[in-house]
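Student: Quick one: the structure is below, questions incoming.
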Amino acid sequence: MSMVTDSLVVARRNLIRMTRIPEMILFGVIQPVMFVILFTYVFGGSMSVGGSTDPDVYKNFLMAGIFAQTVTFATAGAGAGIADDMQKGIIDRFRSLPMAQGAVLTGRTVADLVQTAITLFVLAVVALLVGWRTGSAEPTNAARVAAGFGLLLLLGYAFTWIGALIGLSVRTPEAATSGGLIWLFPVTFISNAFVDSDQMASWLQPIAEWNPFSATVQACRELFGNPGVSTSDAWPMQHPVWASLIYSILIIAVFRTLAVRKYRRAQ
Numbered sequence: 518m519s520m521v522t523d524s525l526v527v528a529r530r531n532l533i534r535m536t537r538i539p540e541m542i543l544f545g546v547i548q549p550v551m552f553v554i555l556f557t558y559v560f561g562g563s564m565s566v567g568g569s570t571d572p573d574v575y576k577n578f579l580m581a582g583i584f585a586q587t588v589t590f591a592t593a594g595a596g597a598g599i600a601d602d603m604q605k606g607i608i609d610r611f612r613s614l615p616m617a618q619g620a621v622l623t624g625r626t627v628a629d630l631v632q633t634a635i636t637l638f639v640l641a642v643v644a645l646l647v648g649w650r651t652g653s654a655e656p657t658n659a660a661r662v663a664a665g666f667g668l669l670l671l672l673g674y675a676f677t678w679i680g681a682l683i684g685l686s687v688r689t690p691e692a693a694t695s696g697g698l699i700w701l702f703p704v705t706f707i708s709n710a711f712v713d714s715d716q717m718a719s720w721l722q723p724i725a726e727w728n729p730f731s732a733t734v735q736a737c738r739e740l741f742g743n744p745g746v747s748t749s750d751a752w753p754m755q756h757p758v759w760a761s762l763i764y765s766i767l768i769i770a771v772f773r774t775l776a777v778r779k780y781r782r783a784q
């Protein structure tokens with residue numbers, strides 16, 4: 518209970534800070550909205566999904582990938598925030614208090630999860646405005662759609678622990694931002710988020726199919742009832758919901774352990 522209470526106190530502190538710096542939320546929303554508009558109207562007519570080049574088909578195929586990219590890109594902000602606290606000495610003050618060792622990082626990641634949820638909600642509204650619809654390829658229901666968004670938030674929470682570890686490992690917020698983004702581009706683009714992995718080079722397909730990011734994207738397409746049925750025999754593509762859950766839980770378990778250990782040893 519002490520761990521939970523301390524984590525909530527730290528989360529509240531970070532949420533209050535976000536409300537006092539509204540640019541953090543504003544810029545976090547603008548970037549994914551730009552991705553939606555650019556990919557939908559610039560690339561939509563030239564992309565093929567299941568042999569169809571219909572822009573509306575690609576639009577519905579694309580949105581799960583945009584949603585997943587949005588929640589994972591929150592990693593950079595999480596890392597930069599922790600690096601900033603380290604640089605200003607706030608983390609040292611927290612360490613001097615009688616509180617649970619992992620509460621500082623848990624509170625930070627929970628606050629980032631709330632911000633990610635707000636961004637995801639706004640992005641879903643924008644997606645609906647540009648023509649995205651659930652059930653466009655096969656029937657679905659509200660429970661399945663909610664489960665899809667739940668998987669997205671779980672993946673985003675898992676990736677914020679990677680950002681936390683990066684933030685504790687560098688000296689400046691600028692380095693944390695760069696370090697938090699540089700590995701995300703290959704993870705998000707070598708996946709099935711923006712193109713069907715069947716269209717990739719043969720040596721690249723297994724990487725995309727076993728990518729944790731791809732599993733969540735594929736799971737969301739199934740739960741949302743959007744086009745993009747995979748013909749791959751890879752286990753994550755045949756069982757994407759289970760694969761997404763397993764990947765996210767493993768990432769949280771591994772990187773939370775590493776981040777808390779790094780926090781205890783940080784100077």
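Numbers given in our numbering equal positions in the sequence shown, counted from 1, plus 517.
All C-beta atoms in this analysis are idealised placements derived from N, C-alpha and C, irrespective of residue type, glycine included.
On the three-pair Cβ rule with 8 Å, is the stretch 678 to 693 touching the stretch 582 to 598?
Tutor: Result yes; three or more Cβ-Cβ pairs closer than 8 Å.
Student: Cutting at 7 Å between CB atoms, please list the residues of its own chain near Val-687, excluding the five before and the five after it.
Tutor: So the qualifying residues of the chain are Ala-600, Ala-693 and Gly-696.
Student: Counting only the same chain and skipping the five closest in sequence on each side, list residues whose C-beta sits under 8 Å from that of Ile-769.
Tutor: If we look at Ile-769 and ignore the five residues flanking it on each side, its Cβ neighbours are Tyr-674, Ala-675 and Trp-678.
Student: Helix, strand or coil for Ala-536, going by three-state DSSP, please let me know.
Tutor: Rather than Ala, the amino acid found at residue 536 in this sequence is Thr. In the structure shown, Thr-536 sits in a helix (DSSP, three-state: H, G or I).
Student: Quick check: what's the CA-CA separation for Met-541 versus Thr-589?
Tutor: In a straight line, the C-alpha of Met-541 is about 16 Å away from that of Thr-589.
Student: Alpha carbon to alpha carbon, how far is Ala-654 from Ser-524?
Tutor: Approximately 42 Å between the Cα atoms of the pair.
Student: For the ligand HEM, any of its heavy atoms closer than 7 Å to the Cβ of Arg-778?
Tutor: The ligand HEM is absent from the structure shown, which contains no ligands of any kind.
Student: On the CB-based measure, 16 or more other CB atoms within 10 Å of its CB, does Val-751 come out buried or exposed?
Tutor: The question names Val, but residue 751 in the sequence shown is Ala. With 16 or more other Cβ atoms within 10 Å, it is buried.
Student: Tell whether a beta-carbon distance below 8 Å holds between Ser-747 and Gln-735.
Tutor: Yes, the pair counts as a contact, with Cβ atoms nearer than the cut-off.
Student: Residues in the same chain with beta-carbon distance under 6 Å from Pro-729, minus the five sequence neighbours each way, listed in chain order, please.
Tutor: Contacts found: Tyr-764.
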